[in-house]
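J.: Sequential numbering of the sequence shown, starting at 1, is according to the UniProt record's numbering. Below you'll find the structure I mean.
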Amino acid sequence: MSDLLRETLQRIKLEDEADARKFANTDFDMVPEEYWYQLSRPSIDAGHAAFLIANISPKAKEDSLSHKKRSLLADARMLVETCQVENMSAPEWLRWAFEHSDSPPGLTKEKERIERVLLAFDRNPGKQQKAELDELHQALKREQAKNQELSRRLENTECALDAAQQGEAEARSEYENAEHAHDVTLRELRETIESELLPPLNSDLAKARSEIEQLKLDIDKAKERASYRLLTAALLSLLEEPGRQSGMKQAGIKKTILERFSTWPGLKIRTLDDMFAEANDAAKEAGTAS
């Protein structure tokens, strides 16, 4: 149910409740046509009689009565419970209530009103027939007015319902359009990422991977060179140890290598100096690390 329709129904409900309270708390004799029609009835039960004695319309809703009216109705019911007769005419009920000596205190003021009503009724006995006819006309007018009011409310409710349905359709259309726009934007974004952003990123990623592999190779080669240097240092150390047959120093080792392998290309004294220096440095570093 839309908010507009809910608000319309709530407003109609509040108006009905306000009308019911106003009707219930209006003195019944202030509605002369219906009041005299009730007085003209030849037989009413004790329940209806209590309403007439309390000057409340029998059609009033009790939960709409004010505290004062509710108290009067309770006193009137307490009074009619003492009557041994279940049904009497309306004037007979009023006369019995007026003449009853043990009426509750709250009905004292109502007795004065009842006395005036009985005097008026006794002075004009033909008022009963006129009241019945007037009540029929008034009942017809009330029904016509009620039908008009119901038609008006029905029309307002239908308008509110149409507006709510139209609003719902517009909201659904806006949601569908927004959903379609979201799908289009998402698809375009995905295409942009795949066609424009991913290729450079993939290229950079491949390049980075290649550089990493090259670094690994360089590290491995560096490790190999370090191993060669350590191996050279170890061989030199073994050759220099006292007691070995050679007993050669590094200078003698260089000289012997140059004499024995002079035909090898690139084998120069400077090369051997560099190799021996690197081997000595590697040995020192290894000794420090250990």
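Don't be surprised by glycine CBs; every beta carbon is placed ideally from N, CA and C.
Could you tell me the boundaries of the alpha helix (DSSP H) in which M78 lies?
T.: By 1-based counting over the sequence shown, the position of residue 78 is 78. That run of the alpha helix (DSSP H) goes 67-80.
J.: Specify, as a first and last residue, the run of the alpha helix (DSSP H) that G252 falls within.
T.: Along the sequence shown, read from residue 1 onward, the residue named residue 252 stands at position 252. Segment 250-260, the alpha helix (DSSP H) holding G252.
J.: Using the Cα positions of E110 and L161, report the straight-line distance between them to the nearest angstrom.
T.: Start at 1 with the first residue of the sequence shown, and residue 110 comes out as number 110. Start at 1 with the first residue of the sequence shown, and residue 161 comes out as number 161. Going from the Cα of E110 to the Cα of L161 covers about 49 Å.
J.: In whole angstroms, what separates the C-alpha of D102 from that of S43?
T.: Taking the first residue of the sequence shown as 1, we reach residue 102 at position 102. Taking the first residue of the sequence shown as 1, we reach residue 43 at position 43. C-alpha separation (whole angstroms): 24 Å.
J.: For R56, name the three-state secondary structure that DSSP assigns.
T.: As a position in the sequence shown, residue 56 is number 56, starting the count at 1. According to the sequence provided, residue 56 is Ile. The question's Arg does not apply to it. I56 falls in the coil class under three-state DSSP.
J.: To which residues of the same chain is F121 closer than 6 Å at the C-beta, ignoring the five residues directly before and after it?
T.: Residue mapping note: residue 121 aligns to position 121 of the sequence shown, counting from 1. So the qualifying residues of the chain are P91.
J.: May I ask you to list the residues that DSSP assigns as paired with I269?
T.: Stepping through the sequence shown from its first residue, residue 269 is reached at position 269. Answer is none; I269 lacks a bridge partner.
J.: Would you kindly check if the distance between the Cβ of E86 and the Cβ of A60 is under 8 Å?
T.: Within the sequence shown, numbered from 1, the residue matching residue 60 stands at position 60. Within the sequence shown, numbered from 1, the residue matching residue 86 stands at position 86. In this structure, E86 does not lie closer than 8 Å to A60 by Cβ.
J.: Mapping the DSSP letters down to three states, classify D19 as helix, strand or coil.
T.: In the sequence shown, the residue the question calls residue 19 occupies position 19. Helix.
J.: Give the secondary structure of L133 by DSSP, where H, G and I count as helix, E and B as strand, and everything else as coil.
T.: Stepping through the sequence shown from its first residue, residue 133 is reached at position 133. Unreliable positioning characterises L133 in this predicted model, as indicated by a pLDDT of 46, which lies under 50. A coordinate reading is not provided.
J.: Taking just the CA atoms, how far does T192 sit from P199?
T.: Translated into positions along the sequence shown, residue 199 becomes position 199. Translated into positions along the sequence shown, residue 192 becomes position 192. Whole-angstrom Cα-Cα distance: 11 Å.
J.: With DSSP as the reference, identify every bridge partner of M88, one or two as the case may be.
T.: Here the question's residue 88 lines up with position 88 in the sequence shown. Per DSSP, I44.
J.: When burial is assigned at 16 or more other CB atoms within 10 Å of the CB, is V80 buried or exposed?
T.: Reading the sequence shown from its first residue, position 80 is the one you call residue 80. With 16 or more other Cβ atoms within 10 Å, it is buried.
J.: Shortest alpha-carbon distance to L9 belongs to which of Q214, A286, E158, W96?
T.: The count along the sequence shown starts at 1 and reaches residue 9 at position 9. Nearest of Q214, A286, E158, W96 to L9, Cα basis: E158.
J.: So R113 and N25 are in contact, right, with Cβ under 8 Å, and what is the actual spacing, rounded?
T.: Sequence index remark: in the sequence shown, residue 113 carries index 113 (1-based). Sequence index remark: in the sequence shown, residue 25 carries index 25 (1-based). Not a contact, Cβ separation roughly 16 Å.
J.: In three-state terms, what does DSSP make of C83?
T.: Here residue 83 is taken as the residue at index 83 of the sequence shown, counted from 1. Three-state DSSP puts C83 in coil, outside helix and strand.
J.: Does the distance from the CB of L107 to the CB of A76 come in under 8 Å?
T.: Within the sequence shown, residue 107 is the residue found at index 107, counting from 1. Within the sequence shown, residue 76 is the residue found at index 76, counting from 1. Closer than 8 Å, so yes.
J.: Would you kindly report the start and end of the unbroken alpha helix (DSSP H) that includes I193?
T.: Stepping through the sequence shown from its first residue, residue 193 is reached at position 193. Careful: I193 lies outside any alpha helix (DSSP H) and carries neither H nor E.
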